[in-house]
Amino acid sequence: MSFRIVESASGEKVPASVCESVVAMRDGNDLATSVYLPEGDGVHSTILVRTPYARLGRHAVLEREAEYFRGRGFAFVTQGLRDKRLSQDGVASYSQEVADGYDTVEWITRQPWSNGSVGVTGSSCSGFTAWAAVASGHPAIKAAVPKSTSIDLGAGYAPKNRRQGVPVLAALKDLLQFWSDPDGCVADAEQGAVSAADASSETCEQIVESRSAKTRGRHSPYGYHHPLHATAIPVLHWQYWYDRGFAPSGLRDWRHFRSLTSTRHLHYLRAGSADHAGFRLEDVDAEDEYASHLNGRTLAEKIVMECEEVADFFDEHLNGIAPRRPRPQARWHVGHVGWQSSHEYPPPSTPLTFHLEALLGERVHRLSRIPAADPVALSWIHDPGDPVPSSVGIESIWYLLADYPDERALQDRTDVLTFRTGPLSESVDFAGQPLFHGRVDLPSGSAHLHLKLQDVHPDGTTRPISWGHTAITRAAGRSVTLPLTDNAYRLQPGHRLQLQIQSSDFPHFGVYPGARANPRTAAKRKAIRQVLTVGGIHGASLTLPAVRLVQDSLPARVLTDTVRAPHLTTAPAGSWPPCPPAGNLPARHRKTTADDFQDH
1 MSFRIVESAS GEKVPASVCE SVVAMRDGND LATSVYLPEG DGVHSTILVR TPYARLGRHA
61 VLEREAEYFR GRGFAFVTQG LRDKRLSQDG VASYSQEVAD GYDTVEWITR QPWSNGSVGV
121 TGSSCSGFTA WAAVASGHPA IKAAVPKSTS IDLGAGYAPK NRRQGVPVLA ALKDLLQFWS
181 DPDGCVADAE QGAVSAADAS SETCEQIVES RSAKTRGRHS PYGYHHPLHA TAIPVLHWQY
241 WYDRGFAPSG LRDWRHFRSL TSTRHLHYLR AGSADHAGFR LEDVDAEDEY ASHLNGRTLA
301 EKIVMECEEV ADFFDEHLNG IAPRRPRPQA RWHVGHVGWQ SSHEYPPPST PLTFHLEALL
361 GERVHRLSRI PAADPVALSW IHDPGDPVPS SVGIESIWYL LADYPDERAL QDRTDVLTFR
421 TGPLSESVDF AGQPLFHGRV DLPSGSAHLH LKLQDVHPDG TTRPISWGHT AITRAAGRSV
481 TLPLTDNAYR LQPGHRLQLQ IQSSDFPHFG VYPGARANPR TAAKRKAIRQ VLTVGGIHGA
541 SLTLPAVRLV QDSLPARVLT DTVRAPHLTT APAGSWPPCP PAGNLPARHR KTTADDFQDH
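For the sequence shown, full-length UniProt numbering gives the first residue as 1, with consecutive numbering after it.
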């Protein structure tokens, strides 16, 4: 496996609105910090983002976010992590973020422009640092909005933890990109020529081992301050259904906190039909006009729309400004429908079960509401030398909807089992985790299992909507119960629901070598046969959490002269208050518009 640096995200001219500072940590290391203050004098609540990404220049959006938050009356502070440009100390990734987060917040509270209240936020790896700051327990932190991330993001890179289950390779490129060079290099992982065997080479292990060796054996980057047990402030969990990297674990965080009786009321959810980068399902096939990473106007609109929700949350919990109506505990977007709100997520649902049925001699089998009377054993061969390819590249997993794959060709592979309903006569809505249950025979003693739930359009276009994977062993028994990833989605009339079962998904995941061994270091690889039982009393099934929606139609996209705001145009009546006209707002609450960013 080889890697080539194709671009260096070097610093650019510092804008006039920012004050550059150097903040000393408790061990004497200095971290580069940018401070953006509202116009005029006075003290302000502060929004803090600590990030491994570029803070300034064309790779950064934080400058634009800063302008919005300044307009809302917040001080906005961004800080580069250790081992990044202008910050000191090469150190193990993620291991210092709790202490550094505390020290940075303490520095903020001592500044003459601070009123002593801090909110932490950030997306992806920056969202992890928000969780780390929460875990620090600093009393000035009053609320948090971790976006497109999860509490376990940092722990997933620890070598000990990465050896469990199905190895995830999709984040390897980010590990190199954001932690291998102080200049924040944009690295190109040459995945195209990597064979399945090469993917299990020592390259990944060496990178992770060398960085994690400095954690002194602590495989939790939080140490003794884990946020699962140390969070007592309001948190807005911000997730996207099509974020394959972090949404599954991020929604697991949400479920955990909502299970805690004494503090469940502090946790809120905002889950949208978008990918990790925020590209929305409703904009698929709308050309590059709606790709925020390609279109400056769309990026500006996206920043305003998202920053508005973040600022409203912090206004409520940092400044004591109550919303016009009670904030719903959960807001979640239903694909092809619109926004819904509820006190609980997942909402109450009715099990809608489809049974897997064999059609002998056919490549595509059946999903049926009625189980077949007789059991049939369907088998496939997993060849580690010829794994089932991921439908998008290892980088595109983060931009899945921007180049939404058509997976119809996978049904022609002999190592993929495909099951499909007939055309639906009416729409089917579900919200939550689809559930697979089946019996799998494992001649080798263990295996990997990958599932995909897909929406097959009338023209044959096949789009993935939910995924699941697990490592299974003979010792654990033949029965497999596998929850797929969350989604809230409408299957439209004339479309078909499809389930695909396979044993590999490369290069997003490591390939099972055919015997019980570490997939990265296994010296021998062999093809194995796996058997799934369909039909009969023990036949495999798929269950959707079907829901009845308050709103059952999607209004046309509304593009105003300020910002495209689906949360204002598609929510059920009375579920979420529209913003008052800008003229009725206090000066500190003037809504920044996309036009404010055009000179960038």
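Glycine residues also receive a C-beta, built at the ideal position from the N, C-alpha and C atoms.
**Message:** Mapping the DSSP letters down to three states, classify Pro-227 as helix, strand or coil.
**Reply:** helix
**Item:** Spatial distance of Asp-27 from Ser-349 (CA atoms)
**Value:** 52 angstroms
**Request:** Using DSSP bridges, identify the partner residues of Trp-467.
**Result:** Lys-452
**Message:** Going by the DSSP bridge assignment, what does Val-547 pair with across the sheet?
**Reply:** In the DSSP output, where bridge partners are listed per residue, Val-547 has none listed.
**Request:** Using 10 angstroms around the beta-carbon of Ile-537, count the other beta-carbons present and answer buried if the total reaches 16, otherwise exposed.
**Result:** exposed
**Request:** Quick one: grab the DSSP three-state call for Pro-387.
**Result:** coil
**Message:** If I measure Cβ to Cβ from Phe-246 and keep anything under 6 angstroms in the same chain, skipping five residues before and after, which residues do I get?
**Reply:** Ser-148, Thr-149, Ser-150
**Prompt:** From Ala-565 to Gly-335, what does the alpha carbon distance come to, in whole angstroms?
**Reply:** Since pLDDT at Ala-565 reaches only 30, below the 50 mark, its modelled position is unreliable, and the value read off the structure follows with that caveat. Cα to Cα, Ala-565 sits roughly 16 angstroms from Gly-335.
**Tyr-404 versus Leu-499 - alpha carbon distance** = 18 angstroms
**Item:** Stretch pair the region 433 to 448 + the region 463 to 474: three plus CB contacts closer than 8 angstroms
**Value:** yes
**Request:** With a threshold of 16 other CB atoms inside 10 Å of the CB of Pro-323, please say whether the residue is buried or exposed.
**Result:** exposed
**Item:** Close Cβ partners of Ser-468 (< 6 angstroms) along its chain, the five nearest in sequence each way excluded
**Value:** Checking the sequence, you will find Gly at residue 468 rather than Ser. Closer than 6 angstroms at Cβ, skipping near neighbours: Leu-451, Leu-482, Leu-484.
**Request:** Examine the Cβ distances between the region 379 to 389 and the region 505 to 512 and report whether three or more of them are shorter than 8 angstroms.
**Result:** yes
**Request:** Have a look at the DSSP bridge pairing and note the partners of Asn-115.
**Result:** In the DSSP output, where bridge partners are listed per residue, Asn-115 has none listed.
**Counterpart residues of Asp-429 in DSSP-defined beta bridges** = Arg-490
**Asked** Which partner residues does His-382 have in the DSSP bridge list?
**Response** Ile-528
**Asked** Got a sec, what are the start and stop residues for the alpha helix (DSSP H) Glu-106 sits in?
**Response** 97 to 109
**Prompt:** If you draw a straight line from the alpha carbon of Arg-270 to that of Arg-525, how long is it in whole angstroms?
**Reply:** 44 angstroms
**Message:** Rounding to the nearest angstrom, what Cα-Cα distance links His-237 and Tyr-268 in this structure?
**Reply:** 6 angstroms
**Prompt:** So what does DSSP say about Tyr-240, is it helix, strand or coil?
**Reply:** strand
**Request:** Report the three-state DSSP secondary structure of Arg-325 (helix, strand or coil).
**Result:** coil
**Prompt:** With DSSP run on the structure shown, which of helix, strand or coil describes Leu-299?
**Reply:** helix
**Asked** At least one CB of chain C closer than 8 angstroms to the CB of Asp-412: is that the case?
**Response** Among the protein chains of the structure shown there is no chain C, as only one such chain exists.
**Request:** For my contact list, Gly-80 and Ala-32 are in at a C-beta cut-off of 8 angstroms; report their separation, rounded to the angstrom.
**Result:** 5 angstroms
**Rounded separation between Arg-557 and Gly-338 - CA only** = Caution is warranted here: a pLDDT of 36 is assigned to Arg-557, below 50, making its placement in the model unreliable, and no coordinate value can be reported.
**Asked** Exposed or buried, which one is Val-22 when buried takes at least 16 other CB atoms within 10 Å?
**Response** exposed
**Prompt:** With a CB to CB cut of under 8 angstroms and the five nearest residues on each side skipped, what residues in its chain are close to Ala-540?
**Reply:** His-355, Leu-356, Phe-436, His-437, Gly-438, Arg-439, Leu-532, Thr-533, Val-534
**Prompt:** Using the rule of at least 16 other Cβ atoms within 10 Å of the residue's Cβ for burial, across every protein chain shown, is Val-134 buried or exposed?
**Reply:** buried
**Enclosing beta strand (DSSP E) for Tyr-36 [first to last residue]** = 30 to 36
**Prompt:** According to DSSP, which residues form a beta bridge with Ser-368?
**Reply:** His-355
**Prompt:** Helix, strand or coil for Leu-48 per DSSP?
**Reply:** strand
**Request:** Measure from the alpha carbon of Ser-126 to the alpha carbon of each residue in Thr-51, Glu-67, Leu-169, then state which is nearest.
**Result:** Thr-51
**Message:** DSSP has Asp-441 in a bridge; who is on the other side?
**Reply:** Val-531
**Request:** Under 7 angstroms Cβ to Cβ from Cys-307, same chain only, skipping five residues before and after it: list those, please.
**Result:** Glu-65, Tyr-68, Phe-69
**Prompt:** With which residues is Glu-20 paired in a DSSP beta bridge?
**Reply:** Ser-34
**Item:** Neighbourhood of Leu-266 by C-beta distance below 6 angstroms, restricted to the same chain and skipping five residues each side
**Value:** Pro-234
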